[in-house]
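Quick note: the sequence shown uses UniProt numbering, first residue 1, plus one each step.
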Amino acid sequence: EMSTAGKRWGRRQRVLMWGVVLAVWEAAWGQLRYSVPEELPKGSFVGDVAKDLGLQLPTLSDVGIRVVSEGRTQYFSLHGKTGHLVTAEKIDREQLCRLVEKCVLRCELIVEGEMKFYEIEVEIMDINDNAPTFKEIELEEGISEMAAPGAHFPLAKAHDPDSGRNSLLSYELNGNEHFSLAVEAGPGGDQRPELVLVKALDREEAAFHELVLRATDGGDPARTGTARIHVTVLDANDNTPVFSQSLYTVRVPEDVPVGSTLVTVTGTDADEGVNGNVKYSMKKTTDTALDIFHLDSETGAITLVRSFDFEGGDTYELEVKARDGGGLSDTTKVAITVTDINDNVPEISVRSALREIPEGAPLGTVVALLHVRDRDSGANGEVRCSLEGGVPFRLQNSQGSYYSVVTARELDREKVSEYNLTVRATDGGSPSLQSSAVLTLRVLDVNDNAPVFTQESYSARLAENNAAGALVLTVRATDADWGQNARVRYRLSEGRVRGLPLSSYVSVQAETGALYALRSFDYEEVREVELWVRAEDGGSPALSSNVSVRLLILDENDNAPQVLYPPPAPPAGAGWSGVELAPRSSEPGALPAASLTRWLVLAVAAVSCLFLAFLLLLLALRLRRWRRSQQQLLADSSGALRGVPATHFVGIDGVRAFLHSYSHEVSLTADSRKSHLRFSGGSCCDTLPVRPPPDEPAPLLGEEDTA
Numbered sequence: 001e002m003s004t005a006g007k008r009w010g011r012r013q014r015v016l017m018w019g020v021v022l023a024v025w026e027a028a029w030g031q032l033r034y035s036v037p038e039e040l041p042k043g044s045f046v047g048d049v050a051k052d053l054g055l056q057l058p059t060l061s062d063v064g065i066r067v068v069s070e071g072r073t074q075y076f077s078l079h080g081k082t083g084h085l086v087t088a089e090k091i092d093r094e095q096l097c098r099l100v101e102k103c104v105l106r107c108e109l110i111v112e113g114e115m116k117f118y119e120i121e122v123e124i125m126d127i128n129d130n131a132p133t134f135k136e137i138e139l140e141e142g143i144s145e146m147a148a149p150g151a152h153f154p155l156a157k158a159h160d161p162d163s164g165r166n167s168l169l170s171y172e173l174n175g176n177e178h179f180s181l182a183v184e185a186g187p188g189g190d191q192r193p194e195l196v197l198v199k200a201l202d203r204e205e206a207a208f209h210e211l212v213l214r215a216t217d218g219g220d221p222a223r224t225g226t227a228r229i230h231v232t233v234l235d236a237n238d239n240t241p242v243f244s245q246s247l248y249t250v251r252v253p254e255d256v257p258v259g260s261t262l263v264t265v266t267g268t269d270a271d272e273g274v275n276g277n278v279k280y281s282m283k284k285t286t287d288t289a290l291d292i293f294h295l296d297s298e299t300g301a302i303t304l305v306r307s308f309d310f311e312g313g314d315t316y317e318l319e320v321k322a323r324d325g326g327g328l329s330d331t332t333k334v335a336i337t338v339t340d341i342n343d344n345v346p347e348i349s350v351r352s353a354l355r356e357i358p359e360g361a362p363l364g365t366v367v368a369l370l371h372v373r374d375r376d377s378g379a380n381g382e383v384r385c386s387l388e389g390g391v392p393f394r395l396q397n398s399q400g401s402y403y404s405v406v407t408a409r410e411l412d413r414e415k416v417s418e419y420n421l422t423v424r425a426t427d428g429g430s431p432s433l434q435s436s437a438v439l440t441l442r443v444l445d446v447n448d449n450a451p452v453f454t455q456e457s458y459s460a461r462l463a464e465n466n467a468a469g470a471l472v473l474t475v476r477a478t479d480a481d482w483g484q485n486a487r488v489r490y491r492l493s494e495g496r497v498r499g500l501p502l503s504s505y506v507s508v509q510a511e512t513g514a515l516y517a518l519r520s521f522d523y524e525e526v527r528e529v530e531l532w533v534r535a536e537d538g539g540s541p542a543l544s545s546n547v548s549v550r551l552l553i554l555d556e557n558d559n560a561p562q563v564l565y566p567p568p569a570p571p572a573g574a575g576w577s578g579v580e581l582a583p584r585s586s587e588p589g590a591l592p593a594a595s596l597t598r599w600l601v602l603a604v605a606a607v608s609c610l611f612l613a614f615l616l617l618l619l620a621l622r623l624r625r626w627r628r629s630q631q632q633l634l635a636d637s638s639g640a641l642r643g644v645p646a647t648h649f650v651g652i653d654g655v656r657a658f659l660h661s662y663s664h665e666v667s668l669t670a671d672s673r674k675s676h677l678r679f680s681g682g683s684c685c686d687t688l689p690v691r692p693p694p695d696e697p698a699p700l701l702g703e704e705d706t707a
């Protein structure tokens, strides 16, 4: 036994090494593939995921990698320190894939830091860890002594859960000269043993026969299973029961009610009496079939005792035997096919999801990875996913049944700070079924808003001689951001007042924006202060804004009048000096307003009169000069024009366009109607005043004669 165990462990080691050497991976389409043998202990190596994906080991814990398997049982896990994919449970291929030739387990590798996923397919390789077995190790067969040689009698088949070459390979019969073994192919390609009568039986010679049926698989080394066959030779019974069909085929929907009759098998026997009385029985098949169906031994009706589940199995094969009272029997097969109905809602599983996202995230940022499936088949299993509208996100199909929720528009936390994203999955059934999943996503603040003052500008009045530290006013700014980005601090901008820094006159409280006077103001020195206050938030980088503040100093009666001139007389024995006193500085309204106004009006009137008198004098002088020039012109004129009034002459003064005057004599005859015009020689004389030399300017006013 120890040597056998050692050989078995050696074979397991070789199979393990073979699986590791032949493990392959595919990065195309985000998929990894590995192969490992079954029955490996927990923690066994499957594949080097970190190497295959190009991930650095120190960053595995930072990016957040995890493995998610389909179903409730997690068969694989990721070793955080090495990046290896290892088994999380001992895997029994026969338990997981009883009816599947190629056993593949699928899982997803979720890289949460990058919001990526990779499909991993692990093929579970079969090892020969199961021997062929019979449902019953003791088989009873009754054969009439009248049976003719060559008659076939079906036997119960052996079952080997292994696959491939490790599954059932052959049958062998150890018996006597009366029987041999034949193997027929079943509807599904399986091998079905049959007992063949070679030599006629004689009950008087031998009433019982003991046979051994051996089933052998193709493993290395091969495993075997045996069953004993007890053959009873029955007394003459001319006819065996005969089924109306050798194969009954039934199609039923999976929602058929419990208790419904699915099919009724019928076997007839031509004998009379007890030999013609037929009883029905179900040969042992799978435990599941025995739990679901019930066979009425009298009527042959097969009824449903437990609800179907199409997803648990869609095909069942039963073997029914009809036996008469004489022990003769016949068998038939019943194939029941379950048709799918739309009884499963789509399932939405969140593989990975962000809980927070900054409002400045770029378009296309993945916020969630979803896996959607429907256990129904055909159109009932086709799923359409959608994202309820009105949100700046969209749903895109990543690969197969995987979907990603990504940003479709820019996020603004100041408008919406939290989203509840509803993903809805609808199948293609009629009527369709649907399910939904809600993702809650909080938008993180980004410092994208500067502080805003409540007023465009501020002004305040402060009486002079104020106390140091007096509150002047309070400025206030708000920031639409959140948290540290919305924390506002105030400070004064640089400036100077009368040559001194502004900060020596006023200060602002950084947290509240209260503006305080640091010293007592004097109206006679500073009457107005212009300053700027800056509001700055706590973001990085910080944003700021400025506002102007105007501070007006109000005057108070804090100064007495002073004598400007003459200096004050000695106080002792001094009499009235007759000098009016004027204050060097006085308050507004200290002097009589009416007296001041009167003197101002008188001064303006005097100046106006003097100016008007000057204009009149100038006009008179110009007129006098013009008259003298006209008189001189008339005195120099001769002939018939002497009697023409001076007003009929045109004088041009200052233009000097004509330098001489011309005159002619005209004679007419009194008794002739024809005019005889005679011009005498012209006389020329200069009628214009003598021009001064070019370098001597003309006088503004005409010069008077000395005579």
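We put the beta carbon where it would ideally sit given N, CA and C, even for glycine.
- Straight-line measurement puts the Cα of Ala613 at about 19 Å from the Cα of Arg625.
- Minimum Cα-Cα distance from Leu247 among the listed residues Asn277, Phe293, Lys321 and Gly219 corresponds to Lys321.
- Taking 8 Å as the cut-off, the Cβ atoms of Asp481 and Asp445 count as close.
- Under DSSP, Tyr523 forms no beta bridge with any residue.
- Excluding five sequence positions before and after Ala301, the CB atoms of its chain that fall closer than 7 Å to its own CB belong to Thr261 and Thr264, given in chain order.
- If you draw a straight line from the Cα of Arg351 to the Cα of Asp314, it is about 30 Å long.
- Around the beta carbon of Ala131, 16 or more other beta carbons lie within 10 angstroms, which makes this residue buried.
- C-alpha of Val231 to C-alpha of His209: approximately 5 Å in a straight line.
- With respect to the 8 Å criterion, Ile120 and Val252 are not classified as neighbours on the basis of their beta carbons.
- Under the three-state reduction of DSSP, Leu612 is assigned to helix.
- Under the three-state reduction of DSSP, Lys283 is assigned to coil, being neither helix nor strand.
- By the C-beta criterion, the segment 196-212 is judged not to be in contact with the segment 103-116, since fewer than 3 inter-stretch pairs fall below 8 Å.
- For secondary structure counted as the beta strand (DSSP E) over 3 or more consecutive residues, the UniProt domain "Cadherin" (244-348) holds these complete runs in sequence order: 247-253, 261-264, 279-282, 293-295, 301-304, 315-323 and 329-339.
- Taking the Cβ atoms as the reference, Arg165 lies roughly 17 Å from Gly225, outside the contact range of under 8 Å.
- In the structure shown, Ala227 falls within a strand segment according to DSSP collapsed to helix, strand and coil.
- Collapsing the DSSP output to three states places Val604 in a helix.
- Under the three-state reduction of DSSP, Ala50 is assigned to helix.
- Put simply, of Val547, Pro541, Asp220 and Arg628 the residue whose alpha carbon is nearest the alpha carbon of Phe453 is Val547.
- In the displayed model, Asn557 falls within coil according to three-state DSSP, outside both helix and strand.
- In terms of Cα proximity to Gly186, the closest of Thr332, Ala470 and Glu347 is Thr332.
- By the neighbour-count criterion, in which a residue is buried when 16 or more other Cβ atoms sit within 10 angstroms of its Cβ, Glu108 is buried.
- The C-beta of Ile137 has fewer than 16 other C-beta atoms within 10 Å across all chains shown, which makes the residue exposed.
- Nearest neighbour of Glu414 by Cα position, chosen from Glu359, Val258 and Leu328, turns out to be Glu359.
- Per DSSP, Gln191 lies in no alpha helix (DSSP H) segment; the continuous beta strand (DSSP E) that holds it begins and ends at Gln191 to Leu197.
- In the structure shown, the three-state DSSP call for Glu94 is helix.
- Selection Ile110, Ala408 and Asp126 evaluated against Val100 yields Asp126 as nearest (Cα-Cα).
- According to the DSSP assignment, Ser404 belongs to the beta strand (DSSP E) that extends over Tyr402 to Thr407.
- Nearest Cα to Glu177 within the set Val196, His159, Glu528 and Ser281: Val196.
- By the Cβ test, the segment 364-376 is in contact with the segment 392-405, since at least three Cβ pairs between them sit closer than 8 Å.
- For Asn397, the enclosing beta strand (DSSP E) stretches over residues Phe393 to Gln399.
- Rounded to the nearest whole angstrom, the C-alpha separation of Arg598 and Ser608 is 16 Å.
- Counting only runs of at least 3 residues, the segment 100-142 fully encloses the following beta strand (DSSP E) elements, listed from N- to C-terminal order: 104-111 and 116-125.
- Between Val242 and Asp129 a beta carbon distance of about 42 Å is seen, past the 8 Å cut, so the two are scored as non-contacting.
- Taking Pro541 as the centre and dropping the five residues before and after it, the same chain places the C-beta of Asn447 closer than 8 Å to its C-beta, in chain order.
- When beta bridges are read from the DSSP output, His159 appears opposite Thr133.
- For Asn174, the enclosing beta strand (DSSP E) starts and ends at Leu168 to Asn174.
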